[in-house]
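There are 2 protein chains.
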Amino acid sequence: MKYSIGVDMGGTNTSIGLVDENGNLIVKSNFKTTDYPVLEDFLTELVKHICSASEKCENIDEIAGVGIGTPNGNYYKGTIELAPNLPFKGVIQIKKILEILLINHGLNLRVKVTNDANAAGMGEMMYGAAKGIKNFVMITLGTGVGSAIIVDGKMVYGSDGFAGEVGHTIIFPDGRSCGCGRKGCLETYSSATGIRRTALELLHSTSKPSLLRNLEEEEINGKTISEAAGQNDALALECIDFTARILSIGLANTVAVTSPEKIVIAGGLSKAGELLLKPLRTYFEQNLYPVFRNKVSIELSKLDDNNAAILGAAALSFE
Amino acid sequence: MKYSIGVDMGGTNTSIGLVDENGNLIVKSNFKTTDYPVLEDFLTELVKHICSASEKCENIDEIAGVGIGTPNGNYYKGTIELAPNLPFKGVIQIKKILEILLINHGLNLRVKVTNDANAAGMGEMMYGAAKGIKNFVMITLGTGVGSAIIVDGKMVYGSDGFAGEVGHTIIFPDGRSCGCGRKGCLETYSSATGIRRTALELLHSTSKPSLLRNLEEEEINGKTISEAAGQNDALALECIDFTARILSIGLANTVAVTSPEKIVIAGGLSKAGELLLKPLRTYFEQNLYPVFRNKVSIELSKLDDNNAAILGAAALSFE
Numbered sequence: 031m032k033y034s035i036g037v038d039m040g041g042t043n044t045s046i047g048l049v050d051e052n053g054n055l056i057v058k059s060n061f062k063t064t065d066y067p068v069l070e071d072f073l074t075e076l077v078k079h080i081c082s083a084s085e086k087c088e089n090i091d092e093i094a095g096v097g098i099g100t101p102n103g104n105y106y107k108g109t110i111e112l113a114p115n116l117p118f119k120g121v122i123q124i125k126k127i128l129e130i131l132l133i134n135h136g137l138n139l140r141v142k143v144t145n146d147a148n149a150a151g152m153g154e155m156m157y158g159a160a161k162g163i164k165n166f167v168m169i170t171l172g173t174g175v176g177s178a179i180i181v182d183g184k185m186v187y188g189s190d191g192f193a194g195e196v197g198h199t200i201i202f203p204d205g206r207s208c209g210c211g212r213k214g215c216l217e218t219y220s221s222a223t224g225i226r227r228t229a230l231e232l233l234h235s236t237s238k239p240s241l242l243r244n245l246e247e248e249e250i251n252g253k254t255i256s257e258a259a260g261q262n263d264a265l266a267l268e269c270i271d272f273t274a275r276i277l278s279i280g281l282a283n284t285v286a287v288t289s290p291e292k293i294v295i296a297g298g299l300s301k302a303g304e305l306l307l308k309p310l311r312t313y314f315e316q317n318l319y320p321v322f323r324n325k326v327s328i329e330l331s332k333l334d335d336n337n338a339a340i341l342g343a344a345a346l347s348f349e
Numbered sequence: 031m032k033y034s035i036g037v038d039m040g041g042t043n044t045s046i047g048l049v050d051e052n053g054n055l056i057v058k059s060n061f062k063t064t065d066y067p068v069l070e071d072f073l074t075e076l077v078k079h080i081c082s083a084s085e086k087c088e089n090i091d092e093i094a095g096v097g098i099g100t101p102n103g104n105y106y107k108g109t110i111e112l113a114p115n116l117p118f119k120g121v122i123q124i125k126k127i128l129e130i131l132l133i134n135h136g137l138n139l140r141v142k143v144t145n146d147a148n149a150a151g152m153g154e155m156m157y158g159a160a161k162g163i164k165n166f167v168m169i170t171l172g173t174g175v176g177s178a179i180i181v182d183g184k185m186v187y188g189s190d191g192f193a194g195e196v197g198h199t200i201i202f203p204d205g206r207s208c209g210c211g212r213k214g215c216l217e218t219y220s221s222a223t224g225i226r227r228t229a230l231e232l233l234h235s236t237s238k239p240s241l242l243r244n245l246e247e248e249e250i251n252g253k254t255i256s257e258a259a260g261q262n263d264a265l266a267l268e269c270i271d272f273t274a275r276i277l278s279i280g281l282a283n284t285v286a287v288t289s290p291e292k293i294v295i296a297g298g299l300s301k302a303g304e305l306l307l308k309p310l311r312t313y314f315e316q317n318l319y320p321v322f323r324n325k326v327s328i329e330l331s332k333l334d335d336n337n338a339a340i341l342g343a344a345a346l347s348f349e
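Chains as they are written, first to last, in our numbering: chain A, 31 to 349; chain B, 31 to 349.
Encoded structure:
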């Protein structure tokens with residue numbers, strides 16, 4: 031049996047797990063990223079956890095490597111570049127540095143790095159809803175919209191490692207302002223942040239009754255909107271319907287480029303489940319170029335949310 | 031030296047050429063597709079031309095195969111499916127039938143089929159503006175907008191062979207009606223047909239003076255609009271500017287999916303040259319997600335228009 035160590039490095043928490051090639055998480059540990067704002071300290075702590083995970087493996091030769099999923103991770107360069115939500119600024123040569131630190135601890139392991147959406151895609155391909163599927167698209171609906179494009183069984187990294195930014199395709203050329211400096215990007219509509227913007231717009235511009243009016247403005251988010259929609263709240267349902275319609279255009283456009291067999295959806299907003307998927311599938315079929323209709327399924331991730339990123343990062347070593 | 035026979039099968043003409051692996055066209059012949067509205071007759075004529083081309087090769091073993099580029103050609107299935115501009119209706123098993131007919135003529139050659147935009151992309155990759163480039167996008171601006179997506183040196187066919195329909199990505203969700211039944215597709219704006227629609231809209235909805243007003247409505251097309259723009263005609267320049275702006279959004283969205291290094295543009299409308307490319311490059315940079323800025327070049331095809339499709343189809347045998 032082969033094993034891999036997966037690292038899910040996020041702005042708040044960093045989790046480390048030993049994973050076997052069947053996707054079983056053997057052992058898991060974590061620490062607060064925010065407790066280590068200095069890179070050297072963070073890496074010292076990370077190495078400690080990796081060493082500890084490796085000790086659960088009887089034979090060190092059975093460990094194929096270390097995979098790291100992180101915001102703005104670059105697969106080609108093994109770097110983290112300008113990640114806005116991590117405490118470490120600039121370009122970090124995490125692959126190089128970590129490999130050296132591990133050797134110093136007697137672990138000669140190859141480190142691979144990718145961004146969090148690609149790690150999620152790897153996880154689905156190896157162990158999840160896209161197992162055995164050669165052409166699919168992974169979409170994570172979180173604070174933003176992340177994506178991974180898989181063509182012919184391989185992750186598409188593109189010329190620079192930054193392929194898979196479906197969240198930053200423009201849906202409305204003169205639409206909502208996006209954090210990226212442009213207008214009308216998919217993620218200004220169809221992320222947790224996007225649906226909140228939709229709800230606030232509807233609450234402010236209409237006097238429609240809604241359960242959401244009982245909440246403080248800060249409490250309005252993907253979760254509370256989904257809950258209200260689950261109670262048949264018309265305004266909340268309208269938010270979800272609008273979110274689904276815009277998402278369907280972004281997905282249909284992506285299908286026109288790479289013609290996947292399946293789209294797998296994960297992330298906080300996907301917890302809305304069928305409330306979101308039902309209108310999404312309807313709009314999606316309408317917005318698909320006819321040759322693709324009734325061919326592309328949309329499914330929720332099958333991986334446990336808490337471990338999906340570790341599994342996906344670990345999968346990098348099994349490529 | 032290896033050779034391949036390339037077939038450029040179009041609604042009006044079909045051209046056949048013997049091509050060497052360096053992209054030299056050794057011999058070329060053609061016939062009118064419209065003279066052979068019955069499939070059997072068409073194939074008999076096609077086989078005659080293929081046999082004749084093969085005879086220019088001293089040793090038959092040097093011929094790697096036959097490649098066909100055709101509207102609605104499907105690489106996986108070796109078929110032509112529901113091509114609106116060909117006289118042959120339904121699904122045609124052209125690969126199978128042609129291989130049998132060739133064997134009957136003593137030619138045991140493998141036949142490969144792809145659509146015309148993918149053939150153009152193959153040609154650019156093997157011999158043209160994308161030689162040595164592993165990640166690029168080919169765009170043909172003709173009656174419609176065709177495209178081919180190349181990732182890591184391989185043509186992206188997707189799950190069903192129909193990947194690469196950038197012309198049918200939706201730019202304006204409530205925009206112009208498209209022949210495909212939906213609204214706001216890129217090709218309703220940025221094709222030869224699209225720029226004509228733009229010109230007619232501007233001519234009818236404004237009283238701006240323009241050289242185009244001296245023409246009959248049927249004479250207004252990509253060529254005459256480009257010519258007027260070349261003479262500094264303000265309305266014609268406005269048409270080109272608008273065409274470039276919309277095209278830049280479609281291209282920027284495609285870059286966000288596959289992160290190519292280069293975009294190669296061919297087809298009738300590309301004859302406008304720098305008149306189109308200059309505003310296109312400016313808008314493109316503005317509409318690119320920041321991480322991709324100043325990385326992706328836009329270039330015109332370097333292949334001779336008359337032979338590009340034959341070269342690209344022939345390249346299928348050299349894969």
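For each residue, glycine too, the CB sits at the ideal point set by N, CA and C. It should be emphasised that the depicted structure is a prediction, and the values quoted were computed from it without experimental measurement.
Unbroken beta strand (DSSP E) run spanning D50 (chain A), endpoints: Per DSSP, the unbroken beta strand (DSSP E) holding D50 (chain A) starts and ends at 43 to 50.
Cβ contact check for the segment 250 to 265 of chain B and the segment 214 to 227 of chain B: 3 or more pairs under 8 Å: Touching, per the Cβ criterion.
Proximity of I122 (chain B) and V96 (chain B) at Cβ, strictly below 8 Å: Here I122 (chain B) is not near V96 (chain B), since their CB atoms are 8 Å or more apart.
Neighbouring residues, chain B, relative to D190 (chain A) (Cβ below 7 Å): Ordered by position in chain B, the residues that pass the 7 Å Cβ test against D190 (chain A) are S289, K325.
Members of the segment 170 to 203 of chain B near chain A, C-beta cut-off 9 Å: Residues of the segment 170 to 203 of chain B with a C-beta less than 9 Å from any C-beta of chain A: S177, I179, V181, D182, K184, V186, Y187, G188, S189, D190, G191, F192, A193, G194, E195, V196, G197, H198, T199, I200, I201, F202, P203, listed in chain order.
Whole-Å CB distance - A147 (chain A) paired with S177 (chain A), under 8 Å assumed: Right, the Cβ-Cβ distance comes to about 5 Å (below 8 Å), so this counts as a contact.
Segments of 4+ residues assigned as alpha helix (DSSP H) that fall wholly inside the segment 102 to 173 of chain B: Taking 4 residues as the minimum length, the alpha helix (DSSP H) runs contained wholly in the segment 102 to 173 of chain B are 124 to 134, 146 to 157, in order along the chain.
Three-state secondary structure (DSSP) of E349 (chain B): Three-state DSSP puts E349 (chain B) in coil, outside helix and strand.
Coarse secondary structure for A193 (chain B), derived from DSSP in three states: A193 (chain B) falls in the coil class under three-state DSSP.
Chain B contact for V321 (chain A) (CB, 8 Å cutoff): It does: the Cβ of V321 (chain A) has a partner Cβ on chain B nearer than 8 Å.
Interface flag, C210 (chain B) vs chain A, CB-CB below 8 Å: At least one chain A Cβ lies under 8 Å of C210 (chain B).
DSSP-derived helix/strand/coil call for I279 (chain B): Correct three-state label for I279 (chain B): helix.
Residue from B:D263, B:G36, B:C269, B:V167 whose Cα sits closest to the Cα of I295 (chain B): Nearest to I295 (chain B) by alpha-carbon distance, out of B:D263, B:G36, B:C269, B:V167, is B:V167.
Expected contact under 8 Å - CB spacing of V181 (chain B) and L216 (chain B) to nearest Å: At roughly 20 Å, the Cβ-Cβ gap does not stay under 8 Å, so V181 (chain B) and L216 (chain B) are not in contact.
Residues from the segment 138 to 167 of chain B in contact with chain A, defined by Cβ distance under 8 Å: So the list reads K164, N165, given in the order they occur along the chain.
Burial state of V68 (chain A), where buried means 16 or more other Cβ atoms lie within 10 Å: Under a 10 Å Cβ-count criterion, V68 (chain A) is classified as exposed, with fewer than 16 other Cβ atoms of the shown protein chains found around its own Cβ.
Interfacial residues, the segment 262 to 280 of chain A to chain B, with Cβ spacing under 7 Å: Taking 7 Å as the Cβ-Cβ cut-off against chain B, the residues of the segment 262 to 280 of chain A that qualify are I279.
For G36 (chain A), the nearest candidate out of A:N115, A:I110, A:Y66, A:M152 (CA to CA): Comparing C-alpha distances from G36 (chain A) to each of A:N115, A:I110, A:Y66, A:M152 shows the shortest one belongs to A:M152.
DSSP state of V186 (chain B) mapped onto helix, strand, coil: Reduced to three states, the DSSP call for V186 (chain B) is coil.
Amino acids of chain A, ordered along the chain, whose beta-carbon sits closer than 7 Å to that of N115 (chain B): The premise fails here: N115 (chain B) is roughly 15 Å from chain A at the closest Cβ pair, so nothing lies under 7 Å.
Own chain residues within Cβ distance below 7 Å of N283 (chain B), not counting five before or after: Residues of the same chain with a CB within less than 7 Å of the CB of N283 (chain B), apart from the 5 flanking positions on each side, are T199 in chain order.
Between the CA atoms of Y313 (chain B) and G260 (chain B) - distance to the nearest angstrom: Near 20 Å, if we compare the C-alpha coordinates of Y313 (chain B) and G260 (chain B).
Closer than 8 Å to chain B by CB, N283 (chain A): Chain B contact via Cβ: present.
Identity of the residues DSSP links to N262 (chain B) by a beta bridge: Assignment of beta-bridge partners to N262 (chain B) by DSSP yields no partner.
Proximal chain A residues relative to N104 (chain B), where beta-carbon distance stays under 7 Å: Within 7 Å Cβ-Cβ: nothing; N104 (chain B) doesn't reach chain A, min ~10 Å.
Proximity below 8 Å, CB of L277 (chain B) to CB of S220 (chain B): A contact, by the Cβ cut-off of 8 Å.
DSSP state of Y33 (chain A) mapped onto helix, strand, coil: If DSSP states are grouped into helix, strand and coil, Y33 (chain A) belongs with the strands.
Proximal residues to A229 (chain B) (C-beta, below 8 Å), its chain only, five neighbours per side dropped: Counting only residues of its own chain and dropping the five nearest sequence neighbours on each side, A229 (chain B) has a CB closer than 8 Å to the CB of L242, I250, I255, L265, A266, C269.
Residue of B:D190, B:K213, B:T236 minimising C-alpha distance to I201 (chain B): I201 (chain B) has its Cα closest to that of B:K213, out of B:D190, B:K213, B:T236.
Under the three-state DSSP convention, the category N60 (chain A) falls into: DSSP places N60 (chain A) in strand when its eight states are reduced to three.
Supposed close pair I93 (chain B), L139 (chain B) - CB separation, criterion 8 Å: Taking the Cβ atoms as the reference, I93 (chain B) lies roughly 6 Å from L139 (chain B), within the contact range of under 8 Å.
Reduced DSSP category for T236 (chain A) - H, G, I as helix; E, B as strand; rest coil: Coil.
Per-residue contacts from N317 (chain A) into chain B (C-beta, under 9 Å): Here the neighbours are I200, P203, R212.
Min CB distance A343 (chain B) to chain A below 8 Å: No, A343 (chain B) lies away from the interface with chain A (no Cβ there is under 8 Å from its Cβ).
Neighbourhood of F27 (chain A) by C-beta, 8 Å cutoff - its chain only, sequence neighbours within 5 removed: The requested residue 27 (chain A) does not occur in the structure, where chain A is confined to residues 31 to 349.
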